[in-house]
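First comes the structure, then the notes that go with it.
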Amino acid sequence: MDTRRNVLLVQVNYQYGNNVFVPYSVGSIQAYAENIPEIENNFKFQEPVFLREDPLEVIKKTSEPMVVGFSCYLWNWEYNKILAEAIKTTFPRCLVVFGGPQVPDKSEGFFFACPYVDILVHHEGEFSFSEILLESLSLQPDYTKIPGLSVRVLGDESFKTSARSRILDLSKLPSPYLSGVFDFLLGRSFALSACQETNRGCPYRCQFCDWGGNTFDKLVPMNESRLLAEFEWFGINRVEYVFNCDSNYGILPRDVDLTRKMIEVRAQYGEYPRKFRMCTAKNSNDKVFAITKMLNDAAMNKGATLSFQSMDINTLSIVKRENIKIEKFQELMQRYRKAGIATYTELIMGLPGETYESSKKGISTLIDAQEDSLNLYVYLCTVLPNSGLNEPFYVKSYGIKSVRSPILLAHSTPSADSVVEYNNMIIETASMPEKDWKRTCLFYLAVQCFHCLGLTKHIAILFRRQFGISYGDFYEKLVIYFSGREDSLIGEQLAQVSKVIERAVDGDRLDLVIPKFGDIYWPLEEATFLNIITNKQKFYEEIRSFVSELSQGLGQDNKGELIDDLILYQSSVIIDPIVSELGIELRYNFLEYFGDSVDRNMELKSSPVRLLIEADQNFSGDLERYAREVVWYGRKGGRFHHGNITKET
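Per our numbering, the sequence shown starts with residue 11, numbered consecutively.
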């Protein structure tokens, strides 16, 4: 009879179809602990909880545990608290331990709010959790002598122990993949998504992030032999996705060789793993380009991320972020473009110091640098519990106001899971009052929907090149024009998302479900695009009215023929779910003017031509497939326009 004490580890994540995330963090905790003979002799690890099951069902199949450890993230924090309370109620003698990035470093008052939790583990958990297990074997355990913890004492008071030094020799940590911790997942019907870290730490100190800073600013590499063996494990066990957990993949010279070796292993095992996702080094370099090109050639990655977060110098100074120069950005864009690699750029909206005007100016600068190839994602700034933005000094100095709102899980399915996860979303700063925050939110939506998803991209480019209007002004005027025309299609869409934004400042959801495009949550810019694409003719009739009035306001009269052709060309090249092939007659050389070469000196001239446009794929009115393949899967590839356009001879 096995008399060892039961240990239960919990790291739940959302399931997408049959694709599940391997619980890497708790697996690492278990792998290290089981390598200690005293723990192996006295404790038995149960199968970890990794799916968002009904907490009552989890309780039913759990043998009474002595210790339960939870790995806490933004996407499982509320679930963990509910399950922890249920476990404590059912098994009152068990020790409940919380760790992970969502655990607050400042633990005062935590145990009053969560009396079912006994211990918080701060930062790395392998050593701390094992020491907790060993101490629990004592007749009178004293967890306050273990560094790196906050311990519940005297009822619900918090005692924070001394800080634990970082683990500087990661070779002491066994791989959970290679030590058999995840063997229970093999042979089941799941498609596996695995996490892998090749190093720990971040040399940067961005205040919106809880990585790096004073504690984790030194990069510590994993043993290379371990990583190569894990690649083999991923291939042999047909892992679908590998998510690299590094803060800056590509920052170390060896990352290029690691990528090459992973691709070589993949070729031996039927192209497993299928995909590789990473957060690349903040200041993109030759190593990042080489890595991205290898992954692109192997069809393992959708594109390269060139992140700015903000284009405003004052904002960047406040959040301790330094961007690459815009000239370097243009150079990188051309390099990736020539290599046939899609790129996308990320901004964060709502950072302290940012204003509506600086946001608009930043968009103008970005599109000027990329023009037709800007593939932009704008993320709303959230306050992480251990980030600089959550420090009282920052909150007071920069007037940060946030609201607790449901986390955005783009393309997830509304489910029977009644546990909603939340984040703290910034809705106001001293530089951006709530009114301006809502205005900026709508402006960014317009840029992403109309320009980046391709609806008015060519129109805006021509107006910029020929008439000199900035991209920021173009899209600002578009929003103003249609916001006053709610009886129009575009006005109706802007009114709809404005209401969603209005509710969001009170803590409501900031996404939409459109049943005809599938039972999933769409980001607002994608939802707006989808609602428009099925009313394409009306949309472009309305856009024609807007640009006609705009051109007159810019002193450009008698442009009717040009605008007619421009609208015809733009509406014809956008991929839609109905039309698969068409021919159009134009009076201008738009094919060359907007060509892939992005020759900004290309002259716009009268040149009568008939163009044949053939779809790369025919959706035959299948709206769900169109939404999935073009908008969801295809967005990072940036292919919203037909590529097969030829002149008819």
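Positions of the beta carbon are idealized from the N, C-alpha and C atoms, including for glycine.
Since the model is a prediction, treat every value here as computed from it, not as a measurement.
- Exposed is the label assigned to N28, since fewer than 16 other Cβ atoms lie within 10 Å of its Cβ.
- Listed in chain order, the non-local C-beta contacts of N628 below 7 Å within the same chain comprise S590, local neighbours out to five positions each way being set aside.
- DSSP places F55 in the strand class (E or B) of the three-state scheme.
- For E438, the pairing in a beta bridge is given by DSSP as K411.
- With contacts defined as CB atoms closer than 8 Å, I358 and Y408 fail to qualify as a contacting pair.
- The three-state secondary structure of D378, taken from DSSP, is helix.
- At a cut-off of 4 residues, the continuous stretches assigned as alpha helix (DSSP H) that sit fully inside the segment 244-332 are 264-278, 296-307 and 323-328.
- With a contact defined as Cβ atoms closer than 8 Å, E602 and R620 miss out at about 15 Å.
- Residue pairing from DSSP places Y432 in a beta bridge opposite P416.
- Listed as beta-bridge partners of H421 by DSSP are no residues whatsoever.
- Around I623, the same chain offers S582, V583, E591, L592, G593, I594, H652, N654 and I655 as residues with beta carbons nearer than 8 Å, after the five sequence neighbours per side are excluded.
- Contact between the segment 493-512 and the segment 440-460 is present: 3 or more CB-CB pairs across the two stretches fall below 8 Å.
- The segment 631-646 makes contact with the segment 521-536; the number of CB pairs closer than 8 Å reaches 3 or more.
- Our two residues, E88 and A349, have alpha carbons roughly 44 Å apart in a direct line.
- Looking only at W642, E250, M272 and V266, the smallest Cα-Cα distance to L238 is reached by M272.
- DSSP, reduced to helix, strand and coil, places P65 within a helical segment of the structure shown.
- Shown here, E595 sits in a strand according to DSSP, grouped into three states.
- Contact annotation: V17 and K54 have beta-carbon atoms nearer than 8 Å.
- Taken in chain order, the whole beta strand (DSSP E) runs of length 3 or more contained in the segment 522-563 are 531-533.
- Distances from the alpha-carbon of V68 to those of L147, A96 and L342 put A96 closest.
- Selection V107, E134, H133 and P111 evaluated against F121 yields V107 as nearest (Cα-Cα).
- Counting only residues of its own chain and dropping the five nearest sequence neighbours on each side, P58 has a CB closer than 8 Å to the CB of L18, L19, V20, Q21, P33, V36, G37 and Q40.
- The Cβ atoms of S441 and S374 lie no closer than 8 Å to each other.
- T290 is the residue among R264, T290 and E281 whose C-alpha sits nearest the C-alpha of N254.
- Between D322 and G363, the CB-CB gap stays under 8 Å.
- Sorting R645, G245, S117 and S73 by C-alpha distance to the C-alpha of A277 places G245 at the top.
- Straight-line spacing of the CA atoms in K312 and N324 works out to 32 Å.
- Taking the Cβ atoms as the reference, L105 lies roughly 6 Å from S146, within the contact range of under 8 Å.
- Under DSSP, H651 forms a beta bridge with I584.
- In this structure the segment 403-417 does not lie against the segment 109-126, because fewer than three pairs of beta carbons, one per stretch, are closer than 8 Å.
- Where I129 is concerned, the enclosing beta strand (DSSP E) starts and stops at I129 to V131.
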